[in-house]
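Each residue of the sequence shown is one higher than the last, beginning at 13 in the working numbering.
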Amino acid sequence: MLCRDCHKAQATVFLKAAINNKVTEMHLCAACALKRSERHAGEHQPHGLGPMGGFVKELMPSERKPLACGECGLRYAEFRESGRLGCPSCYRYFGAQLRELLTRIHGSSTHSGRRYRDNLSDLSERERGEKLEAIRAALKAAVAREDFEAAAGLRDAIRELGDGR
């Protein structure tokens, strides 16, 4: 459908207005819609866009800056094509878009499943040592009461923490 004003460009802005119980439709290209909104700024007439002028400016391609990561320079459009982010900072720069994308794909943007190795890489050496000592004590107690299934699980936990003694 062509623009009502210029009759050249494809109409991308569709407006409906109810004036005197009669519905009027307007089909405009983004450039003509922007011209109308600037021409009728401040007026509250049905044929102008009034408060929608700012919205129409956002539709204009020349006004939009491409969203890009400040660290690696990856553009969001490139991420959409490849499905891969460029660096850890991309998560911060594209945070809102990623949350929206994850919500659309998974129905939620929060993780509710298992975590890799119980986040053991986040433990300090002191915390790791304390955890190992507690597990070793529990292992000795399990062996003393001959609960070998529990002992095997505790042995595996010690291996996960990275201490092979």
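Backbone N, C-alpha and C fix where the C-beta goes; we use that ideal spot for every residue, glycine too.
Fair warning: this is a prediction, and the values are worked out from it, not measured in the lab.
Check	Outcome
Span of the alpha helix (DSSP H) around H118	107–118
CA-to-CA distance, T24 to H56, given in whole angstroms	No answer about H56 holds up, because its pLDDT of 47 lies below 50 and its placement is not dependable.
Proximity winner among G174, H19, A89, A42, relative to E137 (alpha-carbon distances)	G174
For G85 and A162, the rounded distance between their alpha carbons	51 angstroms
Coarse secondary structure for A149, derived from DSSP in three states	helix
K28 versus A156, A21, E37, residue with shortest Cα-Cα distance	E37
Pairwise C-alpha distance: S124 and G95	22 angstroms
Burial state of R111 (16 or more Cβ within 10 Å)	exposed
Y105 and G82 closer than 8 angstroms at C-beta	yes
Distance between A45 and E90 (C-alpha atoms, nearest Å)	30 angstroms
8 angstroms CB neighbourhood of F160 in its chain, flanking five on each side removed	A154
DSSP state of L14 mapped onto helix, strand, coil	strand
From K34, A42, N32, N33, residue whose alpha carbon lies closest to that of R16	A42
Among E139, E158, L166, the one whose alpha carbon lies nearest that of A149	L166
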